[in-house]
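Participant:
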Amino acid sequence: MADPGPMMLELSQIESSGEYRVVFKLTGNVTKETTCSKETGDLLLNTNTDHAAKSIITRSLLKKAANPSDFSSKGSDQNIDTEDDFPQPDALEEDPTATAAIKFIWSRQSTSILLDQVKEKDQLVRAGKMTKKRMYQEIRDTLNTKMQLCLTEEQVSNRHKSILRGYKNVKDNNRTGAARKTHPYQEELEEMMGHDPNITPSCTISSVDESASKEEEAPKKKK
């Protein structure tokens, strides 16, 4: 197979089967798509999986996406390469699949669980009984258990911040008199924020470091 060049690999879980939808975004706006088993997708998303393993899995899935007729329908990972084909360390530098950017695509179900957990734990953060960092760690653990994922604390935090940014942009747009927009999770967010655009949860898109933000606010209160 010809060198595909730099790529982005997107993984999104198929809720009905638990398998992953795999989308390769290659240079020249070329997109290739296939599926893989939950076990294979988890290996790719797991930060502890070594580069050699990720490289061989990625290369095999790209072959399957490029030539689907060469693969049997007996299994989503049929004909995945064996360990005998693992690249040597020196070869990793030359293999574009070894450094492919792997991105998890959030589903409606996983995002809803995240928002439900934020709503449940936000009062503890407001009361100073839980840090934002701890909140995201617990949400990560809940998602990984319920959805059988391999998410990191950072992925959970970034997803939440991205949702809040999108919601703020929708609110700002609707104040200008432009064509009204809605957010995909508007109902959940408005319930969380009490339908008041001036009320925001403690977990805003600012730094996760709660203590630093409190130190910045302290001098202002003395004035």
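Residue numbers for the sequence shown follow this note's numbering, beginning at 751 and rising by one.
Cβ coordinates follow ideal geometry from the N, Cα and C atoms, glycine included.
1) Might you give, ordered along the chain, the residues of its own chain that have their beta carbon closer than 6 Å to the beta carbon of Arg890, omitting 5 neighbours on each side?
2) Compare the beta carbon distance of Ala816 and Lys782 with 7 Å and say whether it is the shorter of the two.
3) Suppose you measure from the CA of Tyr770 to the CA of Leu759; what does that come to, to the nearest Å?
4) List the DSSP bridge partners of Arg771.
5) Kindly indicate which three-state DSSP category Ala815 falls into: helix, strand or coil?
6) How many whole angstroms separate the CB atoms of Ser857 and Gln936, which I take to be in contact at a CB cut-off of 8 Å?
7) Please report the distance separating the alpha-carbon of His801 from that of Tyr886.
8) If we ignore side chains and look at the alpha-carbon of each, how far apart do Val772 and Gln898 end up?
9) Go ahead and label Ser862 buried or exposed: buried means 16 or more other beta carbons lie within 10 angstroms of its beta carbon, across all protein chains shown.
10) Given a cut-off of 7 Å, decide if Leu761 and Gly791 are closer than it, judged by their beta-carbon atoms.
11) Who pairs with Val780 in a beta bridge, going by DSSP?
12) Out of Lys804, Thr785, Thr784, which one is the CA nearest neighbour of Leu793?
13) Is DSSP giving Lys931 helix, strand or coil here?
14) Tell me, please, which residues DSSP counts as bridged to Lys853.
15) Can you tell which of Leu776, Met942, Ser767 has the C-alpha that lies nearest to the C-alpha of Trp851?
16) What's the gap between the Cα of Asn908 and the Cα of Lys883?
17) When you compare each of Ile807, Ser912, Asp872, Asp866 to Ala855 by their alpha carbons, which one comes out closest?
Facilitator: With the structure as the only source:
1) Leu901, Glu903, Val906
2) yes
3) 12 Å
4) Ser762, Thr785
5) helix
6) About 18 Å separates the two Cβ atoms, so there is no contact after all.
7) 27 Å
8) 17 Å
9) exposed
10) yes
11) Leu776
12) Lys804
13) coil
14) Glu760
15) Reading the sequence as shown, one finds Ala at residue 851 and not Trp. Measuring from the Cα of Ala851, the nearest candidate turns out to be Leu776.
16) 12 Å
17) Per the sequence shown, residue 855 should be read as Ile rather than Ala. Among Ile807, Ser912, Asp872, Asp866, the Cα nearest to that of Ile855 is on Ser912.
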